[in-house]
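Heads up, the thing below is written out as structure tokens.
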């Protein structure tokens, strides 16, 4: 069961103590000790902040509010927004075929408009399903090598014919960003998003050494903590290669809809679900009678959940370095609690 001291401390951390019903829901959602960072806010008010667990396998130091985590597929929201920034500058037409910008792509990709890379309806095989993926995950790779491997694969479905969540759309989008900007993907993010928004605890792991505040990814093996399986983050550039912290993620999702970043018409497209509740980069759905804008992340040793309920001003982030934690369930129970206050 979840550590009882964690629940009591979590209640004490909030100006409104958690009800017993909310505690029971948290227990139901999280049946193992929690390691990571939880932050629940209503506009600028912190309703709950909890940082606990080992930052390193040996247990020392402990996780604190400055800890950084691999955010896995939440990275896709940054990649999509970087594409939209290039589109707003007139450098990408979202309705133009991918082959207009990636001239070496196969002819079959001419049926893929750029926007389909951002909503999982492009029909490209998922990079993690390729025979070469285990080698790439162990040794590392480059975006051109990944693109070449994807070019060689037949489309798994006609573009636009089905939704299938995966990683290749964001990887291809990162390649497109690099090709058009003439800069590494990470440098484009820094220039167009991270620096303007003051996201100082967020960055890319695809090429650089990990930052000193990045915590270890862990698993429970026979009741003991162990290191998660290694994964060279270069293989997921664009799709899952970023790290961040709780405060930065709250700033990030709060920027959705900010007209200093993108015009209102672009945000309308971002937040209009096109296929299976996905807009452009973000999942948008109805939850607890509220519009929920969010994304899930899951990668070796880490889990992440970020959701904002804009009409109520509530934002929830769950970052964990313990593989297998049901972060979405946990996050939604905290959201339900926060929305009920």
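In my numbering, the protein residues as written are 6 to 346.
Glycine included, each C-beta is placed from N, C-alpha and C at the ideal position.
| Residue ranges of each alpha helix (DSSP H) run of no fewer than 4 residues wholly in the region 69-130, ordered along the chain? | 80-93 and 119-122
| task | Thinking residue 312 and residue 299 are a contact (beta carbons under 8 Å), I'd like their distance in whole angstroms, please. | result | 3 Å
| said: Check for me: the beta strand (DSSP E) holding residue 248 runs from which residue to which? | reply: 247-249
| residue 340 versus residue 262 - alpha carbon distance | 20 Å
| said: Can you confirm whether the region 186-204 touches the region 113-132 when touching is taken to mean that 3 or more C-beta pairs between the two stretches lie within less than 8 Å? | reply: no
| query | Can you list, in chain order, the residues of its chain whose CB lies under 7 Å from that of residue 110, leaving out five sequence neighbours each side? | reply | 103, 104 and 156
| task | Please determine, among 97, 259 and 254, the residue with the shortest C-alpha to C-alpha distance to residue 301. | result | 254
| field | Whole-Å CB distance - residue 321 paired with residue 45, under 8 Å assumed | value | 5 Å
| message | For residue 71, tell me which candidate among 86, 137, 54 and 63 has the shortest Cα-Cα distance. | response | 54
| field | Contacting residues, own chain, Cβ-Cβ under 7 Å from residue 183 (five flanking each side not counted) | value | 148, 189 and 190
| request: Name the two residues that bound the continuous beta strand (DSSP E) containing residue 56. | output: 50-57
| Coarse secondary structure for residue 19, derived from DSSP in three states | Residue placement at residue 19 cannot be trusted, given a pLDDT of 40 that sits under 50; the coordinates are not used to answer.
| query | Since residue 307 sits in a beta bridge, which residues does DSSP pair it with? | reply | 304
| For residue 168 and residue 280, believed in contact at Cβ under 8 Å, the rounded distance | 4 Å
| Roughly how many angstroms lie between the CA atoms of residue 267 and residue 89, to the nearest whole one? | 8 Å
| said: What does the alpha-carbon distance come out to for the pair residue 327 and residue 175? | reply: 25 Å
| message | Is it buried or exposed, residue 410, if we count other Cβ atoms within 10 angstroms and call 16 or more buried? | response | Residue numbering for the chain in the displayed model covers 6 to 346; residue 410 lies beyond these limits and cannot be assessed.
| said: In the DSSP assignment, the beta strand (DSSP E) including residue 291 goes from what residue to what residue? | reply: 288-292
| request: Look at the alpha carbon of residue 214 and the alpha carbon of residue 224, and state the distance between them as a whole number of angstroms. | output: 22 Å
| query | Around the C-beta of residue 140, are 16 or more other C-beta atoms found within 10 angstroms, so that it is buried, or is it exposed? | reply | exposed
| Are the region 127-145 and the region 78-94 in contact at 8 Å, needing three or more beta carbon pairs? | no
| Per DSSP, residue 320 forms a beta bridge with which residues? | 46 and 313
| task | Would you please state the rounded distance, in angstroms, between the beta carbons of residue 126 and residue 245? I believe it to be under 8 Å. | result | Wrong, their Cβ atoms sit about 19 Å apart, outside the cutoff.
| task | Would you list, in sequence order, the uninterrupted alpha helix (DSSP H) runs of no fewer than 4 residues that lie entirely inside the region 205-260? | result | 251-259
| C-alpha distance - residue 15 paired with residue 228, whole-angstrom precision | Its pLDDT being 41, under 50, residue 15 is placed unreliably by the model, and the measurement read from it follows with that caveat. Taking the straight line from one Cα to the other gives about 24 Å.
| task | Rounded to whole angstroms, what's the CA-CA distance from residue 152 to residue 343? Just pull it up for me. | result | 43 Å
| Under the DSSP definition of a beta bridge, which residues are partnered with residue 280? | 283
| field | Option nearest residue 222 by Cα separation, candidates 212, 216 and 233 | value | 233
| request: Would you kindly work out how many angstroms separate the C-alpha atoms of residue 181 and residue 251, rounded to a whole number? | output: 29 Å
| request: At 4 residues or longer, and completely inside the region 124-174: list those alpha helix (DSSP H) runs for me, N to C. | output: 138-144 and 148-156
| So what does DSSP say about residue 335, is it helix, strand or coil? | helix
| said: One question on the structure: do residue 256 and residue 202 come within less than 7 Å of each other, judged by their Cβ atoms? | reply: yes
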